[in-house]
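Take a look at the structure set out below.
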Amino acid sequence: MNKKTRNYIICGVLVILAVLFTLLVKFVDVKHIGPNESSVGFSSINRFVFETIGVNKLWYHITEWLGWITILMPIAYAFIGGIQLIKRKSLFKIDREIIVLGAFYVIVIAFYVLFEIVTINYRPVLMDGKLEASYPSSHTLMSICFCGSTVLINKMLFNNKATKIINILSIIILAIIVFGRLISGVHWFTDIIGGILIASSLLMILHQALILFKKNEFNE
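Those letters in the sequence shown? Residues 6 to 225, by this note's numbering.
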């Protein structure tokens, strides 16, 4: 099996796992264990993890601030794309990787909006006295997608010392947010797992799209 085939298989498996896990969270072991007797899937394991970890407001605030830092990443690449558009005076002359990355950001935001509308689980705690959608963890989803895509695009377009440092920092920020979001207690355990699976599948799709566009560029 060659690398291309293996990557497509990994991509397909991740997508299937993300969809399957989301359906399981929605319909398996659903009980009213959340605030205001809100129903929660995989209630047994979610209750066990939540009662074991509890709520940590410090980690909640840390991940909130780090989440704002990850938002700067798509803004930076949008700025790069804008500079290229001004200099090259044509949308079609912008690096294809930047265009693909922009489309990826739109898809990530669409997933965020989708899960704000389609509620799978509510948070294990009330936020300002209100129930909020909890699945998947948006901080987990966004941090993995934004930090992960930063690493991918930097390796493909800007592979230098500066971007290598940025890549290392991106991975560190990503890890802190995912871990911190779990121990903060504002999400169920399955919210974190779902965020990881969905983000990983989206990143793998981005990876394959970047490779595809790069090959098409060389063939022209």
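C-beta atoms are modelled at their ideal positions from N, C-alpha and C, and glycine is treated no differently.
From a predicted model like this one, the values you see are computed outputs, not experimental measurements.
Beta-carbon separation of residue i and residue j under 7 Å?
i    : j    : result
I186 : S143 : One detail in the question is off: residue 186 reads as Arg in this sequence, not Ile. Not a contact, by the Cβ cut-off of 7 Å.
K208 : G153 : It is worth fixing the name first, because residue 208 is Leu in this sequence and not Lys. Yes, the Cβ-Cβ distance between L208 and G153 is below 7 Å.
V35  : S49  : no
W145 : G200 : With the sequence shown as reference, residue 145 is identified as Thr, and Trp is not the correct amino acid for it. Going by C-beta atoms, T145 is nearer than 7 Å to G200.
I99  : L106 : no
F30  : T168 : The residue you asked about is not Phe; residue 30 is Val in the sequence shown. No.
G86  : I103 : yes
A23  : L215 : no
P129 : F55  : yes
Keeping to the same chain, check which residues put their C-beta closer than 8 Å to that of residue i; ignore five residues upstream and five downstream.
i    : result
F223 : Confidence at F223 is low in this model, with a pLDDT of 43, below 50, so the placement of that residue is unreliable and no value is reported for it.
E225 : Because E225 sits at a pLDDT of 47, beneath the cut-off of 50, its placement in the model cannot be relied upon, and the point is left open.
Y13  : Q213
N61  : I188, S189, G190
Just to confirm my understanding: we take residue i, look at its own chain, exclude 5 residues before and 5 after, and list those with CB closer than 6 Å. What are they?
i    : result
L131 : P40
L19  : S205, S206, M209
S148 : T75, L179, I182
V113 : C150
I38  : V45, S48, R52
G17  : none
Which partner residues of residue i appear in the DSSP bridge assignment?
i    : result
V45  : K36
Y127 : A138
Report the residue from the options whose alpha carbon sits nearest the alpha carbon of residue i.
i    : options                : result
I158 : K135, V24, R101        : R101
F116 : I99, H192, Y140        : Y140
E137 : W193, F26, L77         : W193
L63  : I15, T57, I188, T195   : I188
L211 : A23, P79, N7, F109     : F109
T68  : I198, I177, V123, V111 : I177
F163 : Y82, I125, T124, F218  : Y82
T124 : K160, L28, L71, F218   : L28
Ordered along the chain, which non-local residues of its own chain (more than five positions away) have a Cβ less than 7 Å from that of residue i?
i    : result
S175 : C152, T155, V156
G59  : G190
S95  : none
Going by the C-beta, is residue i closer than 6 Å to any heavy atom of the ligand HEM?
i   : result
G39 : As presented, the structure is devoid of all ligands, the ligand HEM included, so that no description of it is given.
Uninterrupted beta strand (DSSP E) stretches inside the region 130 to 201 (no shorter than 3 residues): none
Within the region 54 to 105, note down every full alpha helix (DSSP H) run reaching 4 residues or more, in order along the chain. Complete alpha helix (DSSP H) runs here, min 4: 62 to 93.
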